[in-house]
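Note sheet for the following structure.
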Amino acid sequence: MKVSAWGNYPVVEAEVREFAGVEEARRKIGAARRMIPQGLARSYGDSAIGEAILSTLKNNRVLAFDERRGVVRVESGVSLAELVEIFAPRGWFLPTTPGTKFVTVGGAIASDVHGKNHHVAGNFSRHVVEMDVALADGAVVTCSPEREPNLFHATAGGMGLTGVVLEATIQLQPIETVFIAQETVKAANLDEIMTIFEESASYSNSVAWIDCLAKGASQGRSLMMRGEHAKRDELPERRDPLWLKEKGTIAVPFNFPGFALNSLSIKLFNELYYRKAPSGLDTSIVDLETFYYPLDAVHRWNRIYGKRGFTQYQFVLPKSESREGLKKILGRIAESGQGSFLAVLKLCGKETGLISFPMEGYSLALDFPITRNLFPLLDELDEMVHERGGRIYLTKDVRLSAESFDRGYPNADLFRELKRRYDPDGVFQSRQSKRLRI
367 MKVSAWGNYP VVEAEVREFA GVEEARRKIG AARRMIPQGL ARSYGDSAIG EAILSTLKNN
427 RVLAFDERRG VVRVESGVSL AELVEIFAPR GWFLPTTPGT KFVTVGGAIA SDVHGKNHHV
487 AGNFSRHVVE MDVALADGAV VTCSPEREPN LFHATAGGMG LTGVVLEATI QLQPIETVFI
547 AQETVKAANL DEIMTIFEES ASYSNSVAWI DCLAKGASQG RSLMMRGEHA KRDELPERRD
607 PLWLKEKGTI AVPFNFPGFA LNSLSIKLFN ELYYRKAPSG LDTSIVDLET FYYPLDAVHR
667 WNRIYGKRGF TQYQFVLPKS ESREGLKKIL GRIAESGQGS FLAVLKLCGK ETGLISFPME
727 GYSLALDFPI TRNLFPLLDE LDEMVHERGG RIYLTKDVRL SAESFDRGYP NADLFRELKR
787 RYDPDGVFQS RQSKRLRI
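Each residue of the sequence shown is one higher than the one before, counting from 367 in our numbering.
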């Protein structure tokens with residue numbers, strides 16, 4: 367069947383298999399010559415696409431929950447959306463979450479996802495107590511940071527290449543309400559938004575939308591959204607503090623025509639979006655969905671980028687290199703005219719993991735429609751990122767070279783060594799892993 371990930375590029379033929387439970391997983395893995403596990407297919411490129419795909423979506427039970435400690439045991443096909451729906455009304459929330467809740471627990475581990483609170487909470491794997499991983503030889507190994515740590519750290523962020531996560535135990539965080547006390551701050555340029563990030567280090571959550579096409583004195587103009595989980599006494603009396611209101615969604619019914627997104631329409635959108643925000647500090651109480659998952663309210667929003675698809679280019683630079691590096695990279699993007707109306711800037715905390723993405727510094731994510739001129743531009747940006755000691759996020763990648771991977775990830779060879787140990791015959795392979803020679 368034809369399959370693709372969230373970017374709708376590439377579209378390939380692949381055999382898709384499913385499993386539910388340990389024994390069926392072992393049988394499917396044992397019968398495979400090559401495969402890659404896949405959850406809800408929300409990675410943007412080809413990291414969860416191969417000649418055969420092992421879907422985890424039927425392996426989706428909540429197995430146990432310790433109400434007192436907030437520790438939950440789930441199968442890998444359970445989604446973050448389901449965890450929020452079940453446990454937020456009971457006073458527990460995800461310890462960290464990416465910008466969509468439509469991600470499975472197995473996918474969150476494979477990508478070692480991070481969120482708006484990385485500078486405080488770190489990656490998703492930091493909150494995984496232990497997990498069961500099915501290896502290529504059929505063995506099921508329980509691992510944690512203390513027990514079989516090599517397998518744990520190679521699997522967290524390892525893009526499904528060491529084995530199939532079957533079950534995981536996760537530590538949730540307590541919350542008093544399902545609301546966020548949010549502040550929105552308008553910044554005139556890149557220097558100003560980076561200063562605001564530094565001044566906002568005490569906030570648990572911070573993220574900024576950034577105008578990647580603005581030039582001159584307005585380069586990097588931004589809107590920061592920062593916030594904390596609201597306390598009960600911060601809510602109006604009429605609000606139930608733990609009631610998750612069911613939110614309506616709108617759907618994009620078809621692929622937009624290719625001409626709909628161009629430098630003019632993106633520039634116009636960015637101008638209007640920036641200008642509509644009030645000057646100074648704007649405070650509000652918003653629900654979890656609005657703060658963490660604004661795009662989830664638009665079903666199939668990936669169709670906006672048209673039939674050719676799109677990719678998200680996300681990189682991180684060390685803190686010492688971020689200010690000048692971001693100015694040069696934003697300048698090159700603006701010069702190219704291939705801007706993005708969805709550009710997100712975050713301040714990341716300390717580096718953890720073997721080949722997990724974040725490092726202490728600034729991360730910028732930009733969506734680009736697939737065009738003939740795009741990949742040469744991204745090759746240029748790769749070089750600018752690597753010159754400053756940065757790296758590219760594998761979960762968003764669809765075209766990175768093996769050389770670029772090695773330059774950005776100093777533990778690349780150690781990861782290859784561990785992959786050979788746990789998967790000596792190379793059973794777990796994706797299109798991305800072949801390209802990156804891992």
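We put the CB at the ideal spot given by N, CA and C, even for glycine.
Note that this is a predicted model, so its numbers are computed, not measured.
Simplified DSSP assignment, three categories, for residue i
i	result
residue 579	coil
residue 757	strand
residue 480	coil
residue 798	helix
residue 500	strand
residue 763	coil
residue 804	coil
residue 793	coil
residue 610	coil
residue 727	strand
residue 371	coil
residue 562	helix
residue 732	strand
residue 469	coil
residue 721	coil
residue 535	strand
residue 627	coil
residue 463	coil
residue 647	strand
residue 508	strand
residue 622	coil
residue 737	coil
residue 603	coil
residue 774	helix
residue 516	helix
residue 487	helix
residue 750	helix
residue 522	coil
Per DSSP, the bridge partner or partners of residue i
i	result
residue 552	589
residue 540	458
residue 653	545
residue 571	593
residue 530	500
residue 617	665
residue 494	536
Residues of its chain near residue i, where Cβ-Cβ distance is below 7 Å and the 5 sequence neighbours each way are ignored
i	result
residue 463	446, 481 and 658
residue 398	418 and 793
residue 752	770, 773 and 774
residue 694	750
residue 540	436, 457 and 458
residue 572	482, 563, 566, 590, 592 and 713
residue 660	none
residue 470	405, 406, 422, 442, 443, 444 and 445
residue 795	400, 402 and 416
residue 802	766, 768 and 771
Cutoff 6 Å; reference residue i; Cβ partners in own chain excluding five residues on either side
i	result
residue 523	478, 719, 721 and 722
residue 763	411
residue 404	414, 419 and 421
residue 383	394 and 420
residue 423	443
residue 688	727 and 728
residue 594	547 and 570
Residues of its chain near residue i, where Cβ-Cβ distance is below 8 Å and the 5 sequence neighbours each way are ignored
i	result
residue 714	480, 484, 485, 682, 724, 725, 726, 727, 728 and 729
residue 620	669
residue 375	411, 674, 675, 676, 677, 736 and 764
residue 684	725, 726, 727, 754, 755 and 756
residue 432	438
residue 409	371, 372, 473, 477, 761 and 762
Exercise. Taking 8 Å as the threshold, find out whether the stretch 535 to 549 comes into contact with the stretch 600 to 609 through three or more Cβ pairs.
Key: yes
Exercise. Kindly confirm or deny that the stretch 478 to 498 and the stretch 716 to 732 touch, where touching means at least three C-beta pairs closer than 8 Å.
Key: yes
Quiz item: Is the stretch 586 to 597 touching the stretch 553 to 570 in the sense that three or more CB pairs, one from each, lie closer than 8 Å?
Solution: yes
Quiz prompt | Contact between the stretch 520 to 534 and the stretch 435 to 450 (3+ Cβ pairs under 8 Å) | solution = yes
Practice problem: May I ask you to verify whether the stretch 732 to 739 touches the stretch 609 to 621, counting CB pairs closer than 8 Å and requiring at least 3? | Solution: no
Quiz item: Does the count of Cβ pairs from the stretch 429 to 436 and the stretch 692 to 712 closer than 8 Å reach three?
Solution: no
Quiz prompt | beta strand (DSSP E) segments (min. 3 residues) lying fully within the stretch 377 to 456 | solution = 381 to 384, 402 to 404, 418 to 421, 428 to 432 and 437 to 441
Quiz item: Is the stretch 636 to 644 close to the stretch 661 to 678, with three or more CB pairs under 8 Å?
Solution: no
Self-check item: 3 or more residues per run - each beta strand (DSSP E) lying fully within the stretch 656 to 719
Solution: 676 to 684 and 709 to 714
Quiz item: Do the stretch 510 to 525 and the stretch 568 to 582 make contact, defined as three or more Cβ pairs closer than 8 Å?
Solution: no
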